[in-house]
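Asker: Just so you know, the protein sequences line up as chains A and B, in that order. For the first sequence, our numbering gives the first residue as 1070, with consecutive numbering after it. For the second sequence, our numbering gives the first residue as 244, with consecutive numbering after it. Just dropping this structure here.
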Amino acid sequence: MNAILRAEGLCKSYGNLAVLDGVTFAVEPRESLAVVGPSGCGKTTLLRLLLDLESPDRGAVARGYDHVGYLPQGGLLFPWKTVVENVGLPLELQGVSARERSGIVRKELGRFGLAGFEGAYPRELSGGMAQRAALLRTVLTGAPVLFLDEPFGALDTMTRQRLQDWLGGLTGILDRTLLLVTHDLEEALVLCSRVLVFSPRPGAVRGEVRRTAGDRGAKISRLDERFLEDKARVLEILEKG
Amino acid sequence: MRARPRGGRPASGLRRGRGLRRGLWLLGPVSLVALWEIVSLFPSLPDYVLPSPEATIAALAKDAALIGSHLLATVAAALGGLAVATGAGLLVAAAMNARRPLGEVIYAQMVLSQAVPLIAVAPIVLIWFGLGVLAKLLIVAFVCFFPIAVSTYEGFRTVQMEQLDLLRTFGASRWQYYRHLFLPATLPGTFAGLKIAATYSVLGAIVGEWLGGTKGMGIYMTRALQSFRTERLFAAILAVMLTSYALFSGVRWVGNRLTPWVERREP
Chain A
1070 MNAILRAEGL
1080 CKSYGNLAVL
1090 DGVTFAVEPR
1100 ESLAVVGPSG
1110 CGKTTLLRLL
1120 LDLESPDRGA
1130 VARGYDHVGY
1140 LPQGGLLFPW
1150 KTVVENVGLP
1160 LELQGVSARE
1170 RSGIVRKELG
1180 RFGLAGFEGA
1190 YPRELSGGMA
1200 QRAALLRTVL
1210 TGAPVLFLDE
1220 PFGALDTMTR
1230 QRLQDWLGGL
1240 TGILDRTLLL
1250 VTHDLEEALV
1260 LCSRVLVFSP
1270 RPGAVRGEVR
1280 RTAGDRGAKI
1290 SRLDERFLED
1300 KARVLEILEK
1310 G
Chain B
244 MRARPRGGRP
254 ASGLRRGRGL
264 RRGLWLLGPV
274 SLVALWEIVS
284 LFPSLPDYVL
294 PSPEATIAAL
304 AKDAALIGSH
314 LLATVAAALG
324 GLAVATGAGL
334 LVAAAMNARR
344 PLGEVIYAQM
354 VLSQAVPLIA
364 VAPIVLIWFG
374 LGVLAKLLIV
384 AFVCFFPIAV
394 STYEGFRTVQ
404 MEQLDLLRTF
414 GASRWQYYRH
424 LFLPATLPGT
434 FAGLKIAATY
444 SVLGAIVGEW
454 LGGTKGMGIY
464 MTRALQSFRT
474 ERLFAAILAV
484 MLTSYALFSG
494 VRWVGNRLTP
504 WVERREP
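Structure below.
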């Protein structure tokens, strides 16, 4: 199958600090891929190169799509926009009329647990609700590939797990290619069918694990034996560095 | 439906707090007037040194039409100058943001310009532009420009690189960056500067009128002073204070309506 995204030998340095060292991988259409690694291993830099926000020093990115959906760390809702305005922003920038936009957004708000909060500003939302709104905004870009950077990193453990399970169930319905960057192994395995494991800085692919526990979109138990085995395999690669 | 802000105090507590703040706000002017009344009763103080509050109010009522016409000229110059300063301040701040290294140089120049006393600049402006409205307008613009430009530029500085990146991934055009990011990010700062500038604008117009001109509160005050009609001077001060406060409140009202996302405590 043709890859929708391919990274070939990506290298990136800032001054004398080498951040990425020859990163190569490919993502198939509708695949969900997680990149995990220790803090500072260049995960966010990799995402910026893939999103064309920065250029690599060496290597290339081949993209089989015209636009992307991006969920930055912390969600980054605009404080001056209400939930409806924030969530509908990608549609507005694409020139979708206010009426049509409102219809699309209001239909989706219920599925994302935000019904009744249409006119709320981000400061009036809980952390979990703000992240769901940011995620809905990413989904409404209509992009075939969604890039998520530590989507639930700033939340408490319980909320994070609840949202991971909720998004895990949603990935099957969304039917998009998903690229997730995280340092949370469980998040990677709950949300993605394949996990790339990065070495410490300068980041390079040290190995990969295909999830055996559950199909895409299926509810996954963190206590499932296969899930724990998958997690142990990821940990083993991480520990080898 | 609007969400209820999290962590809010009970409504009755909020009402009590607001009532207390309003009471404290009134305490200052009421105490001042009471003190003024007591001091003005001293027999050793003649009226031309300190007129009583009643004499001041009587002068205000008697000269209402005259003060009104002079005040109109002052307010027109203040609003005109404020408009010029706002336009110039926004443009300069946007230009400073677009060319950051140059912006920092201009910032330093603007700070230096504040060291120049208004009383020294105003006569030069009058020599260059005459005693008409234009000179007054430019003096007002000179005093109002700095708070507006600096506050707006500080607003530009609050924009995060990640917000720019996000809009870039959405495929935003240059205009859309301004419409969805720069403009709303700078609005609270611009209005903070505008509130200060609104009070400066009346002062600037009066300084311009003091140094020359035929109409305005500066002219009225100079004439009252020269004829030792101190009660008229006090009436003029009262009228100017109320006008400044009205301008400030007007700017605050517009600002509050245009930035509903800003959490604020109202008096």
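The beta-carbon is built from N, C-alpha and C at its ideal position, and this holds for glycine as well.
1. To which residues of the same chain is B:Val505 closer than 6 Å at the C-beta, ignoring the five residues directly before and after it?
2. Quick one: what does DSSP say A:Leu1089 is sitting in, helix, strand or coil?
3. Quickly, what does DSSP pair A:Tyr1139 with across the bridge? List them, please.
4. Can you tell me which residues form a DSSP beta bridge with B:Gly260?
5. Going by beta-carbon coordinates alone, are A:Leu1247 and A:Ala1202 separated by less than 9 Å?
6. Is the beta carbon of B:Gly459 closer than 9 Å to that of B:Thr395?
7. Quick check on the DSSP output: the alpha helix (DSSP H) that includes B:Val386 runs from which residue to which?
8. Please determine if the region 315-331 of chain B and the region 435-451 of chain B are in contact, where contact requires at least 3 C-beta pairs separated by less than 8 Å.
9. What is the residue span of the beta strand (DSSP E) that A:Tyr1083 lies within?
10. Taking 9 Å as the threshold (beta carbon to beta carbon), is B:Asp290 in contact with chain A?
11. In the DSSP assignment, the beta strand (DSSP E) including A:Val1274 goes from what residue to what residue?
12. State the start and end residues of the unbroken alpha helix (DSSP H) segment that holds B:Phe425.
13. Cβ atoms of A:Leu1158 and B:Phe413: under 9 Å apart, would you say?
14. Check whether the region 335-346 of chain B and the region 388-404 of chain B touch, using three or more Cβ-Cβ pairs below 8 Å as the test.
15. Starting from the Cα of A:Trp1235, find the closest Cα among A:Arg1180, A:Tyr1083, A:Phe1296 and give me that residue.
16. For a test of the three-state rule: what should DSSP assign to B:Val354, helix, strand or coil?
17. So, at 8 Å on beta carbons, what are the nonlocal neighbours of A:Gly1109 in its own chain, with the 5 sequence-adjacent residues on each side left out?
18. Is any beta-carbon of chain A found at less than 9 Å from that of B:Arg495?
19. Alpha carbons only, please: which of A:Pro1213, A:Glu1100, A:Val1274, A:Ala1087 is nearest the one belonging to A:Lys1309?
20. Is the separation between the beta-carbon of B:Arg475 and that of B:Ala302 shorter than 9 Å?
21. Is there at least one Cβ from chain A nearer than 9 Å to B:Glu397's Cβ?
22. Using 8 Å as the threshold, is the region 1125-1137 of chain A in touch with the region 1200-1219 of chain A, meaning 3 or more CB pairs across them?
23. For B:Arg249, count the other beta carbons within 10 Å of its own beta carbon; 16 or more makes it buried, fewer makes it exposed. Which is it?
24. If I follow the unbroken beta strand (DSSP E) through A:Phe1267, where does it start and stop?
25. Can you give me the start and stop residues for the alpha helix (DSSP H) that B:Ala479 sits inside?
26. For a quick check, are the C-beta atoms of A:Phe1296 and A:Pro1107 less than 9 Å apart?
27. Taking buried to mean at least 16 other C-beta atoms within 10 Å of its own C-beta, is B:Thr317 buried or exposed?
28. Can you say whether B:Val282 is buried or exposed, counting buried as having 16 or more other CB atoms within 10 angstroms of its CB?
29. Closer than 8 Å by beta-carbon distance: list the chain B residues that pair up with A:Val1137, in chain order.
30. Using the rule of at least 16 other Cβ atoms within 10 Å of the residue's Cβ for burial, across every protein chain shown, is B:Gln357 buried or exposed?
31. Could you check the C-alpha separation between B:Val497 and A:Val1096 for me, to the nearest Å?
32. I'd like the span of the beta strand (DSSP E) that includes A:Gly1106, first residue to last.
33. For A:Glu1193, which residues in the same chain have their Cβ closer than 6 Å to its Cβ, ignoring the five residues on either side in sequence?
Answerer: From the atom records:
1. Taking the second sequence and counting its residues from 1, the one referred to as residue 505 of chain B is at position 262. Shown here for B:Val505: same chain residues with a beta carbon closer than 6 Å to its own, the five before and five after excluded, namely Pro431 in chain order.
2. Position 20 of the first sequence, counted from the start, is the residue given in the question as residue 1089 of chain A. Three-state DSSP puts A:Leu1089 in a strand.
3. Along the first sequence, read from residue 1 onward, the residue named residue 1139 of chain A stands at position 70. Answer is A:Phe1216, bridged to A:Tyr1139.
4. Within the second sequence, numbered from 1, the residue matching residue 260 of chain B stands at position 17. Answer is none; B:Gly260 lacks a bridge partner.
5. Numbered from its first residue, the first sequence carries residue 1247 of chain A at position 178. Numbered from its first residue, the first sequence carries residue 1202 of chain A at position 133. Going by C-beta atoms, A:Leu1247 is not nearer than 9 Å to A:Ala1202.
6. Residue numbering aside, residue 395 of chain B sits at position 152 when the second sequence is read from its first letter. Residue numbering aside, residue 459 of chain B sits at position 216 when the second sequence is read from its first letter. Between B:Thr395 and B:Gly459, the CB-CB gap reaches or exceeds 9 Å.
7. Start at 1 with the first residue of the second sequence, and residue 386 of chain B comes out as number 143. Note, B:Val386: alpha helix (DSSP H), 376-400.
8. yes
9. Counted from its first residue, the first sequence places residue 1083 of chain A at position 14. Here the beta strand (DSSP E) through A:Tyr1083 covers 1074-1083.
10. As a first step, residue 290 of chain B is located in the second sequence; it is residue number 47 there, counting from the start. For B:Asp290, the answer is no, since every Cβ of chain A falls outside 9 Å of its Cβ.
11. What you label residue 1274 of chain A is simply residue 205 of the first sequence in a count that begins at 1. Counting along the chain, the beta strand (DSSP E) containing A:Val1274 begins and ends at 1274-1279.
12. What you label residue 425 of chain B is simply residue 182 of the second sequence in a count that begins at 1. Where B:Phe425 is concerned, there is no enclosing alpha helix (DSSP H), given that its DSSP letter is neither H nor E.
13. Counted from its first residue, the second sequence places residue 413 of chain B at position 170. Counted from its first residue, the first sequence places residue 1158 of chain A at position 89. In this structure, B:Phe413 sits near A:Leu1158, with a CB-CB distance shorter than 9 Å.
14. Under the Cβ criterion (8 Å, minimum of three pairs), the region 335-346 of chain B counts as touching the region 388-404 of chain B.
15. Numbered from 1 along the first sequence, position 166 holds the residue referred to as residue 1235 of chain A. Restricting attention to A:Arg1180, A:Tyr1083, A:Phe1296, the CA atom closest to the CA of A:Trp1235 is found in A:Arg1180.
16. Walking along the second sequence from the start, residue 354 of chain B turns up at place 111. B:Val354: helix per DSSP, three-state reduction.
17. To locate residue 1109 of chain A, count along the first sequence from 1; it is residue 40. The residues are Pro1269, Arg1270.
18. Reading the second sequence from its first residue, position 252 is the one you call residue 495 of chain B. Output row for B:Arg495: interface = no.
19. As a position in the first sequence, residue 1309 of chain A is number 240, starting the count at 1. The residue with the shortest Cα to Cα distance from A:Lys1309 is A:Val1274.
20. As a first step, residue 475 of chain B is located in the second sequence; it is residue number 232 there, counting from the start. As a first step, residue 302 of chain B is located in the second sequence; it is residue number 59 there, counting from the start. Yes, the pair counts as a contact, with Cβ atoms nearer than the cut-off.
21. By one-based count along the second sequence, residue 397 of chain B stands at place 154. No, B:Glu397 lies away from the interface with chain A (no Cβ there is under 9 Å from its Cβ).
22. yes
23. In the second sequence, residue 249 of chain B corresponds to position 6, counting from 1. Only weak support is given to the placement of B:Arg249: the predicted model assigns it a pLDDT of 47, under 50, and the question is left unresolved by the model.
24. Your numbering for residue 1267 of chain A matches position 198 in the first sequence. Unbroken beta strand (DSSP E) run through A:Phe1267: 1263-1267.
25. Here the question's residue 479 of chain B lines up with position 236 in the second sequence. B:Ala479 -> alpha helix (DSSP H) spans 473-501.
26. By 1-based counting over the first sequence, the position of residue 1296 of chain A is 227. By 1-based counting over the first sequence, the position of residue 1107 of chain A is 38. No, the pair does not count as a contact, with Cβ atoms beyond the cut-off.
27. For the purposes of this step, residue 317 of chain B is identified with residue 74 of the second sequence, where counting begins at 1. Buried, because 16 or more other Cβ atoms sit within 10 Å of the Cβ of B:Thr317.
28. The residue you call residue 282 of chain B lines up with position 39 of the second sequence. Exposed, since its Cβ has fewer than 16 Cβ neighbours within 10 Å.
29. In the first sequence, counting from the first residue as 1, residue 1137 of chain A sits at position 68. In chain order: Thr412.
30. Translated into the one-based positions of the second sequence, residue 357 of chain B becomes position 114. Under this definition B:Gln357 is an exposed residue.
31. Position 254 of the second sequence, counting from 1, holds the residue named residue 497 of chain B. Position 27 of the first sequence, counting from 1, holds the residue named residue 1096 of chain A. Here the alpha carbons of A:Val1096 and B:Val497 stand approximately 51 Å from one another.
32. By 1-based counting over the first sequence, the position of residue 1106 of chain A is 37. Careful: A:Gly1106 lies outside any beta strand (DSSP E) and carries neither H nor E.
33. For this step, residue 1193 of chain A is matched to residue 124 along the first sequence. Closer than 6 Å at Cβ, skipping near neighbours: no residue.
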